[in-house]
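The next block holds one structure in the form of structure tokens; read it before the comments.
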């Protein structure tokens, strides 16, 4: 890397070109990140034209925006016209509207039409991931005609492993692997090779829905049609991998009780991050204030039996932990389609039993912890057995309630049209804390009335 | 589907074949799940040979195992010999050892060699994802020779979009898109088309490391070499998408405070699930018992000032929530490579400041909550201002501590060689609960000494 910096300082263009000759576009893009802003523009101008467009796609958005500002109109036009349409759609939709307008103006008429039509699909839809660079053939063609056509028109295609067969109205009727054409006799008709089986995506569907289709179909690219079945583009699996990873990141962040950052942790602005985290923390804090209210309600009981207060953190956190577990399991199962909305009843039955089993385990441990401790210490007073019973029975009830609430909340949120991941671990814990206190003090009243209370 | 059931009942093979003609292998696999075990075997035998092998790959493991038992040796041999090697490796490694041995015996000698060598790589390594079905060419060949070779040997190739160039020792020297051969003059030499740039994976690396390479390289398949650079297979992006989704699922489940289930929620056995969840719940419960010990330590203070007990759940949960947030953000950033181990210092600086900001927000709300409440109620006694100060200042300290502990724990675990995701939200919450109590009562002692305490 220091060789590169030296060459740049000396403005030694030959040396720079020699250095970069063996680098892939992603490697060049990575090396550019470590240069000064001025050197970035210099280096980018040195790159051969077609290489520049390739490297550009691997830069992050901030650097892309800076370069577009720094470069002349001709260079910008070259880059944008050569970018893959799906990547370009991403760039255009994330630029400020005025910049998008300017960028669209430098596109060639055909490319502008492509860009505008892709931008016409809703944000987060499959349409925004499409590239129109595929090869479509007609069923009445011969294998020779298909291969000639590919040779003439295939240069821009994102993938050549599959060709798509359309009828005269442009409706998708089949997909055939290019390998089959390579292996078939030259005079065979396309219609003789068709099996009319074809999995496709719809442009207006959510981009995330493509993840499960790609997972179950084992394909590298899938055709996209409009609602009337006309082939309008393809989506390749590399874009779907990105969607899947971004969805998982957002989901994990939400499960952890924060808004999804939507930006890398190290590069998001400090105050923006504080706002995204603080929002939920405040909501949780306001919810948790109800515990103080609930505790205030039982202040008389605590004054009479301080021993009860000792187990409050243990009791409520057990409910929170079991609720966190249940809610994250169900959130993920819903997200990847393992569980559907209609399965709520089966999940509920399963979770009631799980809660009972888990609660019994924790309740038993809790009971013996107090019982054994009381042999050696007088801290739990003369009624330690009743206290141990109170704690044990409360634990069964609270763990069951936490498990049930945690597992049902994601279904409830999905049913109302919200993202199930909103029922984060801390959210469920807070909910269970308040109700857990009520359960605990009610059980205490039942067992300790007449003795401690 | 009922048409199918009827045809099966009537044993009407022609009707069944007609029905299935327009179905894709995944669709046939999905329809089989809803049949009785007997009908599954019947239907499978009706499928044409090559189709049966295709459908088999889309069935889940349990059904695969059942079919292998129900089918004759000839059918089993047909299926296994025609399965994609990467899928077959998955099946073999998940079967009991005795079954694996039997299955290996029915393979043809060449396929057995392939299967055994793939099984030789460690579980979870890139080697286990490999398929040996790629096309490698020599640099001294012409384009015509390459195309003839592809026609003769390409039938089995998993992807034909890229061909790999190897030297006489089998060392990978370049990758070239098949499209370039289709578009090049027939007498051109391969060596003239090479740029000697080639991204590759190493067979012994962890399968998960392939995810970030595929994300940054925008490729559909990548070549795999052994440590000496010899090309031994390729990995396709569809397998990497599965790895990425499984990793995300395991991570989310761990963040939620459970062991990774490693099986779909709806199909994992009840007691196995209880064990995976119960293990962590018990660990957390034992940890949380320390809160009872800590509370016991401050029992005297609580007896003197019951008002302090009222805020215990609010205080400790705020620390837990901020810790959960911080830990999940850092766990995910580490998993996808946004943050490296060496960045711990930058993360720490960032999180101390975040903790201060978030703690100040919650502390202020907490202070005013008590202050405003005290205008209308006498519940917090004559020293409400000191109580409000205690709660406010404790919140700043506890949120800072939660944020710091939550963000550093994943680094610490990674450094020790553990999975950072082990520092789940509930785990951090438990840790912070115990220390939070100590902070709270220490602050209380500072502010309330001489008045309430």
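Protein chains in written order, with my numbering: chain G, 1 to 453; chain R, 1001 to 1453. Think of the CB as a built atom: it goes at the ideal place given N, C-alpha and C, for glycine as much as any other residue. Note that the structure is a prediction, hence the values are computed from the model and not measured.
- The alpha-carbon separation between residue 1149 (chain R) and residue 186 (chain G) amounts to approximately 17 Å.
- Interface criterion not met: the Cβ of residue 392 (chain G) is under 9 Å from no Cβ in chain R.
- The Cβ of residue 1242 (chain R) sits closer than 9 Å to at least one Cβ of chain G.
- At a cut-off of 9 Å, the C-beta of residue 1420 (chain R) has no neighbouring C-beta in chain G.
- Cβ proximity to chain R below 7 Å picks out nothing from the segment 37-54 of chain G.
- For the segment 333-366 of chain G, the set of residues with a beta-carbon nearer than 9 Å to any beta-carbon of chain R comprises 333, 335, 336, 338, 339, 343, 346, 347, 350, 353, 354, 357, 358, 361, 362, 365, 366, in chain order.
- In the DSSP annotation of this structure, the continuous segment of the alpha helix (DSSP H) that includes residue 86 (chain G) starts and ends at 85-94.
- DSSP places residue 1313 (chain R) inside the alpha helix (DSSP H), whose first and last residues are 1312-1335.
- What residue 1321 (chain R) touches in chain G, judged by beta-carbon distance under 7 Å, is 257, 281, 284, 426, going in chain order.
- When secondary structure is reduced to three states using DSSP, residue 164 (chain G) falls in the strand class.
- Two segments are said to touch when three or more pairs of C-beta atoms, one from each, lie closer than 8 Å; by this definition the segment 1281-1297 of chain R touches the segment 1434-1448 of chain R.
- In this structure, DSSP gives residue 249 (chain G) a helical state, which the three-state scheme calls helix.
- When R:1278, R:1340, R:1322 are compared, the shortest CA-CA separation from residue 363 (chain G) is found for R:1278.
- Short of 6 Å from the beta carbon of residue 1393 (chain R), and not among the five residues preceding or following it, lie these beta carbons of its own chain, in chain order: 1443.
- Within the segment 1388-1414 of chain R, not one residue has a Cβ closer than 7 Å to any Cβ of chain G.
- Listed in chain order, the non-local C-beta contacts of residue 65 (chain G) below 8 Å within the same chain comprise 95, 99, local neighbours out to five positions each way being set aside.
- When DSSP states are grouped into helix, strand and coil, residue 453 (chain G) belongs to the coil group.
- No Cβ of chain G is located within less than 9 Å of the beta carbon of residue 1378 (chain R).
- For residue 1388 (chain R), the enclosing alpha helix (DSSP H) starts and ends at 1384-1415.
- In the DSSP secondary-structure assignment, residue 201 (chain G) is bridged to G:224.
- For a Cβ distance threshold of 9 Å, residue set 1197 of chain R lies close to residue 23 (chain G), ordered along the chain.
- Against chain R, the CB of residue 192 (chain G) has no partner CB under 9 Å away; the residue lies outside that interface.
- With a cutoff of 9 Å on beta-carbon distance, residue 231 (chain G) and residue 134 (chain G) are scored as near each other.
- Residue 1169 (chain R) and residue 1112 (chain R) have their alpha carbons spaced roughly 24 Å apart.
- DSSP places residue 1046 (chain R) within a helical segment (H, G or I) once states are collapsed to three.
- Annotated three-state conformation of residue 286 (chain G) is helix, per DSSP.
- The C-alpha of residue 446 (chain G) lies about 28 Å from the C-alpha of residue 348 (chain G).
- Collapsing the DSSP output to three states places residue 1448 (chain R) in a helix.
- Residue 1435 (chain R) sits in a helix when the DSSP states are folded into three classes.
- Using a 10 angstroms sphere on the CB of residue 37 (chain G), the tally of other CB atoms stays under 16, which defines it as exposed.
- By the neighbour-count definition (other C-beta atoms within 10 Å, threshold 16), residue 1044 (chain R) is a buried residue.
- Non-local C-beta neighbours of residue 224 (chain G) in its own chain, meaning closer than 8 Å and more than five positions away in sequence, comprise 126, 127, 130, 200, 201, 202, 203, 231, 232, 233, 234, 235, ordered along the chain.
- Listed along chain R are 1256, each with a C-beta nearer than 9 Å to that of residue 327 (chain G).
- Taking C-beta atoms as the reference points, residue 4 (chain G) and residue 20 (chain G) count as a pair closer than 9 Å.
- Residue contact check for residue 270 (chain G) against chain R: a CB pair falls below 9 Å.
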